[in-house]
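Undergrad: Attaching a single structure in structure tokens format; questions to follow.
2 protein chains.
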Amino acid sequence: MEHKASASVPFDRETVARIVREAGINLCTASIREMNRIVNEIEKELGVRFIRMEFGIPGLPPHPIAIEAEIEALREKGLAQHYAPFDGVPALKEEASRFAKLFLNLDFPPVACVPTVGAMQGCFVSLAVAGNVDPVKRTILFLDPGFPVNKQQCRFLGLETDRIDLYDHRGETLVRVLDERLARGDVAAVLWSSPNNPAWIILSEEELRGMAEAMERHGAIAIEDLAYFGMDFRKDYGKPGKPPYQPTIARYMNRCFVIVSSSKAFSYAGQRVAVTFISPQLLREESPHLEARHGTRTIGYAFIHGGIYPMTACIAEGPQHGLAALLKAVNDGAVPFLEDVKEYAKRAAAMKKAFLSNGFRLVYDNDLGEPLADGFYFTVSHPRFSEGWKLVAELLHYGVSAITLATAGSTRTEGLRACTSLTTLDMIPALEERLRKFHEDNP
Amino acid sequence: MEHKASASVPFDRETVARIVREAGINLCTASIREMNRIVNEIEKELGVRFIRMEFGIPGLPPHPIAIEAEIEALREKGLAQHYAPFDGVPALKEEASRFAKLFLNLDFPPVACVPTVGAMQGCFVSLAVAGNVDPVKRTILFLDPGFPVNKQQCRFLGLETDRIDLYDHRGETLVRVLDERLARGDVAAVLWSSPNNPAWIILSEEELRGMAEAMERHGAIAIEDLAYFGMDFRKDYGKPGKPPYQPTIARYMNRCFVIVSSSKAFSYAGQRVAVTFISPQLLREESPHLEARHGTRTIGYAFIHGGIYPMTACIAEGPQHGLAALLKAVNDGAVPFLEDVKEYAKRAAAMKKAFLSNGFRLVYDNDLGEPLADGFYFTVSHPRFSEGWKLVAELLHYGVSAITLATAGSTRTEGLRACTSLTTLDMIPALEERLRKFHEDNP
Numbered sequence: 048m049e050h051k052a053s054a055s056v057p058f059d060r061e062t063v064a065r066i067v068r069e070a071g072i073n074l075c076t077a078s079i080r081e082m083n084r085i086v087n088e089i090e091k092e093l094g095v096r097f098i099r100m101e102f103g104i105p106g107l108p109p110h111p112i113a114i115e116a117e118i119e120a121l122r123e124k125g126l127a128q129h130y131a132p133f134d135g136v137p138a139l140k141e142e143a144s145r146f147a148k149l150f151l152n153l154d155f156p157p158v159a160c161v162p163t164v165g166a167m168q169g170c171f172v173s174l175a176v177a178g179n180v181d182p183v184k185r186t187i188l189f190l191d192p193g194f195p196v197n198k199q200q201c202r203f204l205g206l207e208t209d210r211i212d213l214y215d216h217r218g219e220t221l222v223r224v225l226d227e228r229l230a231r232g233d234v235a236a237v238l239w240s241s242p243n244n245p246a247w248i249i250l251s252e253e254e255l256r257g258m259a260e261a262m263e264r265h266g267a268i269a270i271e272d273l274a275y276f277g278m279d280f281r282k283d284y285g286k287p288g289k290p291p292y293q294p295t296i297a298r299y300m301n302r303c304f305v306i307v308s309s310s311k312a313f314s315y316a317g318q319r320v321a322v323t324f325i326s327p328q329l330l331r332e333e334s335p336h337l338e339a340r341h342g343t344r345t346i347g348y349a350f351i352h353g354g355i356y357p358m359t360a361c362i363a364e365g366p367q368h369g370l371a372a373l374l375k376a377v378n379d380g381a382v383p384f385l386e387d388v389k390e391y392a393k394r395a396a397a398m399k400k401a402f403l404s405n406g407f408r409l410v411y412d413n414d415l416g417e418p419l420a421d422g423f424y425f426t427v428s429h430p431r432f433s434e435g436w437k438l439v440a441e442l443l444h445y446g447v448s449a450i451t452l453a454t455a456g457s458t459r460t461e462g463l464r465a466c467t468s469l470t471t472l473d474m475i476p477a478l479e480e481r482l483r484k485f486h487e488d489n490p
Numbered sequence: 048m049e050h051k052a053s054a055s056v057p058f059d060r061e062t063v064a065r066i067v068r069e070a071g072i073n074l075c076t077a078s079i080r081e082m083n084r085i086v087n088e089i090e091k092e093l094g095v096r097f098i099r100m101e102f103g104i105p106g107l108p109p110h111p112i113a114i115e116a117e118i119e120a121l122r123e124k125g126l127a128q129h130y131a132p133f134d135g136v137p138a139l140k141e142e143a144s145r146f147a148k149l150f151l152n153l154d155f156p157p158v159a160c161v162p163t164v165g166a167m168q169g170c171f172v173s174l175a176v177a178g179n180v181d182p183v184k185r186t187i188l189f190l191d192p193g194f195p196v197n198k199q200q201c202r203f204l205g206l207e208t209d210r211i212d213l214y215d216h217r218g219e220t221l222v223r224v225l226d227e228r229l230a231r232g233d234v235a236a237v238l239w240s241s242p243n244n245p246a247w248i249i250l251s252e253e254e255l256r257g258m259a260e261a262m263e264r265h266g267a268i269a270i271e272d273l274a275y276f277g278m279d280f281r282k283d284y285g286k287p288g289k290p291p292y293q294p295t296i297a298r299y300m301n302r303c304f305v306i307v308s309s310s311k312a313f314s315y316a317g318q319r320v321a322v323t324f325i326s327p328q329l330l331r332e333e334s335p336h337l338e339a340r341h342g343t344r345t346i347g348y349a350f351i352h353g354g355i356y357p358m359t360a361c362i363a364e365g366p367q368h369g370l371a372a373l374l375k376a377v378n379d380g381a382v383p384f385l386e387d388v389k390e391y392a393k394r395a396a397a398m399k400k401a402f403l404s405n406g407f408r409l410v411y412d413n414d415l416g417e418p419l420a421d422g423f424y425f426t427v428s429h430p431r432f433s434e435g436w437k438l439v440a441e442l443l444h445y446g447v448s449a450i451t452l453a454t455a456g457s458t459r460t461e462g463l464r465a466c467t468s469l470t471t472l473d474m475i476p477a478l479e480e481r482l483r484k485f486h487e488d489n490p
């Protein structure tokens, strides 16, 4: 299948309409998975290949150091026959601790560095534990837009959710509105990602300091999802032990879960291993209310023995050795891990250019007045489309797929989320061509 | 450290008392982990090595076919960079389906065979989904004794628990009492393991048929934990496609989760991969009440996309290829998997003999009037000790460690659970020697 676009777009409208109708999917609320199904079907029926921006899946090959370390561990350590330690393989905990020192300039001893089955489990357990610390605090406050599954986790756990949209709340406004919302006293934790999925705005040190003060004042725990660690490529966060350091809430408060995924920065999504850094003070904090759900009063114990353990017993040991070896190489300065993923930034720059020169706009279009960084996601809208789902539907005829910003919890329902991970640079001419045709048809 | 017993047991009472006191642990309710800590401390301080029966951890090496398949997948398939399919790697689903046909003589199509992060996640998600099908059914009924963590999972999920003890309820009595309990209408699911952890009694086909009828009558789902698949070594369940077949509730009802661990029968605990077989009918069953927690009405979809996905995204891909290759070899008849784990039965026979010839008794001492099978666990008591925790405490002075049956939810609070997994046959003489001394001191 080729990316020959101009000859074929827009695709036959009746065919596309029939496929959408037969899939029984409402484009207005279509999830990533549902969009994926429709696009697969159109690709198959029309023999075309889409520019797929709906998927937030990584696609760069992992570093061979990690793969070889897993293989060595499988061969040499007699892995599979024993359970891994419930709190994680010591080598991984130690390298994670070094990583925190070298790339965050913060002290998280190995006991505070807890491997999980991907950042997904790290978020799930953090939410569960935070939601059980105080029975009057059962709401998770999101800084939106965000990763839709975090809200799904809250539903699973029976937690309430509320949100503040970063579109019109940044800087002092963000801190003030956060403080006002927290003053209601029902918020157990505040969850966000920075760089933000999908707006790719990045909270500043001043915002983080103000947010930390507000959270400390009102007894809310921070759950900081550093899924895209270091991927604000406007700065170089990739030199071990040298400033600048990745901004983090942990610099300003002592009650946080900081979750570092290996999926994007380390291209290790498929082996499901991440690390949650727990503030040493939070690790030791006690609440009698944790007993009922987690069988202990202590947050750290609740996280590991009352959280990870009843969910999955432990984390597969092989992948832990793989990530440990990769972190060691990164910590030693032998692997410049952020250089490898700058590829996503190159794609974002080229893709944004193609959109902006064909009548589209960025929705989240600046970062505290500065240009946005280029990274894993960006957001677009088109002045002729006031509803995002209609734009998604129209773009389907031009071989370009995305999901609406509404599904990411954004108030900007005219926008779309675009992911750069599947659009390699050789596809950019096809994208440009398709968008140019779209522009002609929607002047 | 040596197993020289006669010279040193009983250990100095003041030292042991001090270690227990300093650990701050109540032997009456000590968990496996707490007992482990005390024993480690005594071993270190006295320079002795215990016969450790408290741990239910496997210890046999896994088959090299699985390890080599993982290595090949890491090398050849570019694994880590993509997420695995949310519903599992197709090769594993297909071999699991074949396994169900060849070793259970039942049809579970691949779509009904769902890999999870160990049987732990399989149980957790089964409990979560079963508990959300009907808002008036929020109780999980256990056939006890059992694996303590299943009750911890219910606490995590906010589910109620109740229990029927298999000690005085077998055969028709079990079915009648189960039917009476289910008639109260609050039971979402019944959970048990067979072979039973730790009594090693095995539910008969007649019991399973009667239980299925009772559960169908009262709308309860079955959660059958086949953690010790095929390990009733009185029969040979290990010949693919040939009777006898492992007894299972799935032969008698259409609403069950049947969870097959890879930890014991396949010695693959550390890589965290298991399979939950979901009745095809249950997979398609709908309940509007599932929406709130799992975002869908359909049980199968709730299990995968509303259960596994928000917990861990997916299951590490490497281990799935390892287990797929091993299941293929087992299905093809190339690996006689149950032969390898008969080692546990040999140990159980020798260990039981050592206990019974030194004044101990089996607590759960028969299987519907027949002798018990030898396997991974057995249960003991001593006529001079009416409380299990006192027996645990006394055995500590003889270099033998176990946990109480009370911690496994048994009504037989005089008993202990003994696991065979860490007592290799060369340790039997030391065990005999220690128990002989115990017997002399407690005639």
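Going down the list, the protein sequences come from chains U and P. Numbering of the first sequence is given in this note's numbering, commencing with residue 48 and proceeding in unit increments. Numbering of the second sequence is given in this note's numbering, commencing with residue 48 and proceeding in unit increments. Beta carbons are placed, not taken as given, at the ideal position from N, Cα and C, and that holds for glycine.
Nearest CA to the CA of Lys311 of chain U: which residue from P:Glu92, P:Gly406, P:Ile104, P:Ala127?
TA: P:Ala127
Undergrad: Can a CB atom of chain U be found closer than 9 Å to the CB of Cys361 of chain P?
TA: yes
Undergrad: On a CA-only basis, which of U:Asn489, U:Tyr445, U:Ser428 is nearest Gly462 of chain U? Give me that one, please.
TA: U:Ser428
Undergrad: At a CB-CB cut-off below 8 Å, which residues of chain P make contact with Pro357 of chain U?
TA: Met167, Phe171, Val196, Gln199, Gln200, Phe203
Undergrad: Between Gly416 of chain P and chain U, is there a C-beta pair that is closer than 9 Å?
TA: no
Undergrad: Would you check if the region 213-220 of chain U and the region 436-445 of chain U touch, i.e. whether three or more CB-CB distances between them fall below 8 Å?
TA: no
Undergrad: Quick one: residues in its chain with C-beta nearer than 8 Å to the C-beta of Val172 of chain P, no 5 flanking neighbours on either side, listed in chain order?
TA: Thr163, Thr323, Phe350, Gly354, Ile355, Met358
Undergrad: Mind checking the region 312-331 of chain P against chain U and listing, in chain order, the residues whose C-beta falls within less than 8 Å of any C-beta there?
TA: Ser314, Tyr315, Ala316, Gly317, Gln318, Arg319, Val320
Undergrad: Go through the region 127-166 of chain U residue by residue and report every complete run of the alpha helix (DSSP H) that reaches 4 residues or more, in order.
TA: 137-146
Undergrad: Since Leu190 of chain U sits in a beta bridge, which residues does DSSP pair it with?
TA: As DSSP reads the structure, Leu190 of chain U sits in a beta bridge with U:Ile211.
Undergrad: With Arg344 of chain P as the anchor, note down where its alpha helix (DSSP H) starts and where it stops.
TA: Taken as a continuous stretch (DSSP letters only), Arg344 of chain P belongs to no alpha helix (DSSP H), as it is neither H nor E.
Undergrad: Excluding the 5 residues preceding and the 5 following Leu121 of chain P in the sequence, name in chain order all residues of the same chain whose CB lies nearer than 6 Å to its CB.
TA: Gly365
Undergrad: Excluding sequence positions up to five away, which residues of its chain have a Cβ less than 6 Å from the Cβ of Ile475 of chain P?
TA: Ala397
Undergrad: Looking at Ile248 of chain P and Tyr411 of chain P, is the spacing between their C-beta atoms short of 9 Å?
TA: yes
Undergrad: Taking all protein chains shown into account, do 16 or more other C-beta atoms lie within 10 angstroms of the C-beta of Leu415 of chain U, making it buried, or fewer, making it exposed?
TA: exposed
Undergrad: What residue range is occupied by the uninterrupted alpha helix (DSSP H) comprising Glu117 of chain P?
TA: 111-123
Undergrad: Taking 9 Å as the CB-CB cut-off, is Pro105 of chain P touching chain U?
TA: yes
Undergrad: Within a Cβ cutoff of 6 Å, which residues of the same chain sit near Gly103 of chain P, ignoring the five residues on either side of it in sequence?
TA: Cys466
Undergrad: According to DSSP, is Ala54 of chain P part of a helix, a strand, or is it coil?
TA: Any reading at Ala54 of chain P is ruled out, since the residue's pLDDT is 43, under 50, leaving its predicted position unreliable.
Undergrad: Could you tell me whether the Cβ of Tyr424 of chain P comes closer than 9 Å to any Cβ of chain U?
TA: no
Undergrad: Please report the Cβ distance between Ser468 of chain P and Gly106 of chain P, rounded to the nearest whole angstrom; I am assuming they are in contact, meaning their Cβ atoms lie under 8 Å.
TA: 5 Å
Undergrad: Answer yes or no: does any C-beta atom of chain P fall closer than 9 Å to that of Arg340 of chain U?
TA: yes
Undergrad: Counting only beta-carbon separations shorter than 9 Å, does Ile130 of chain U have a partner in chain P?
TA: According to the sequence shown, residue 130 of chain U is Tyr rather than Ile. So, interface residue.
Undergrad: Closest to Val63 of chain P by CA distance: which of P:Ala77, P:Val86, P:Thr76, P:Ser78 is it?
TA: P:Val86
Undergrad: Looking at the secondary structure, which residues open and close the beta strand (DSSP E) in which Phe425 of chain U lies?
TA: 424-428
Undergrad: Would Gln328 of chain U be called buried (16 or more neighbouring beta carbons within 10 Å of its own) or exposed?
TA: exposed
Undergrad: Which residues of chain U have a Cβ atom closer than 7 Å to the Cβ of Pro108 of chain P, listed in chain order?
TA: Gly125, Gln128
Undergrad: Counting only the same chain and skipping the five closest in sequence on each side, list residues whose C-beta sits under 7 Å from that of Gln367 of chain P.
TA: Ala131, Gly135, Val136, Leu139, Pro162, Val320
Undergrad: Among U:Lys91, U:Glu88, U:Ile98, which has the Cα closest to the Cα of Asp473 of chain U?
TA: U:Ile98
Undergrad: Report all residues from its chain with a CB closer than 6 Å to the CB of Glu252 of chain U; omit the five preceding and five following residues, and keep chain order.
TA: Once the five neighbours on either side are set aside, the close Cβ partners of Glu252 of chain U are Pro294.
Undergrad: May I ask you to report which of helix, strand or coil DSSP gives Tyr391 of chain P?
TA: helix
Undergrad: Counting Cβ pairs closer than 8 Å, one from the region 337-349 of chain U and one from the region 111-120 of chain U, do we hit at least three?
TA: no
Undergrad: Report yes if the CB atom of Pro192 of chain U is closer than 9 Å to the CB atom of Gly456 of chain U, and no otherwise.
TA: yes
Undergrad: Where does the unbroken alpha helix (DSSP H) through Val377 of chain P begin, and where does it stop?
TA: 364-378
Undergrad: If you count every other CB in all the chains shown that lies within 10 Å of the CB of Val176 of chain P, and 16 or more means buried, which is it?
TA: Buried.
Undergrad: Please list the partners that Gly94 of chain U has in chain P, where partner means a Cβ-to-Cβ separation under 7 Å.
TA: Neighbours of Gly94 of chain U in chain P, taken as residues whose beta carbon is under 7 Å from its own, are absent, since the nearest beta carbon is some 24 Å off.
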